[in-house]
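Below: one structure, written as structure tokens.
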Ligand code: ATP
């Protein structure tokens, strides 16, 4: 599995459609300060399901949409498409090439797709986390993040290891199941009240 290409359209400083193609091995992106190198990494994190504006170095989620320059008006939407080579089947999906896309509109709406088929954010997050990549999997190490790990408490460090080991997905499912159980318990209590009233 490797990253084949990344297309940005209206994402941060990339107003025009820009496609970066990668080959297997190491790729370096070089450029002057402020030219958009980190924005490329942000785009990758975003299309893989990042939900935190702070992790994307913004104040709010719309900050990923091209905000305009002196010579160019702001845009109404941001789009990122990533193509992953899956010929080794690392991603649990029957395609040798997988395309993930994410679009965000300035009114707050979002669209996600896997190989062109509309899906939920959760589907993208689950597809990636099964293979150990994606959001919160520490495949993207941001500036200052190493320091954060070095200064972390033992509990926080355990959290990093659990996430890298893929426990996170199961913890989220457990939390979801517990929320459902709580709602069910509230319904049962309500039902018991109604039954008592009817007697
Ligand atoms: P450095 O080498 O200093 O870390 P860099 O190449 O990583 O720089 P980035 O941080 O990726 O640069 O890009 C910063 C630029 O992106 C700034 O000029 C900023 O104005 C621009 N930018 C960020 N968000 C937006 C946005 N929503 N719309 C337009 N431009 C944006």
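In our numbering, the protein residues as written are 1456 to 1654.
Note that CB positions come from ideal geometry on N, CA and C, so glycine has one too.
Predicted model only: the values in this text are computed from it and were never measured.
- The beta carbon of residue 1522 sits closer than 6 Å to at least one heavy atom of ligand 1.
- Taking the Cα of residue 1561 as reference, the smallest distance to any Cα among 1534, 1645 and 1623 is reached at 1534.
- DSSP places residue 1573 in no alpha helix (DSSP H) but in the uninterrupted beta strand (DSSP E) bounded by 1572-1574.
- Proximity of the beta carbon of residue 1531 to ligand 1 is not indicated: no heavy atom of the ligand is located closer than 6 Å.
- Residue 1473 is not a Cβ neighbour of residue 1458, given a cutoff of 7 Å.
- Here residue 1478 carries a coil assignment [DSSP, helix/strand/coil].
- Assigned with DSSP and collapsed to three states, residue 1649 falls in helix.
- Distances between the C-beta of residue 1562 and the heavy atoms of ligand 1 are all 6 Å or more.
- In the DSSP assignment, residue 1500 is bridged to no other residue.
- Relative to ligand 1, residue 1515 has its C-beta separated by 6 Å or more from all heavy atoms.
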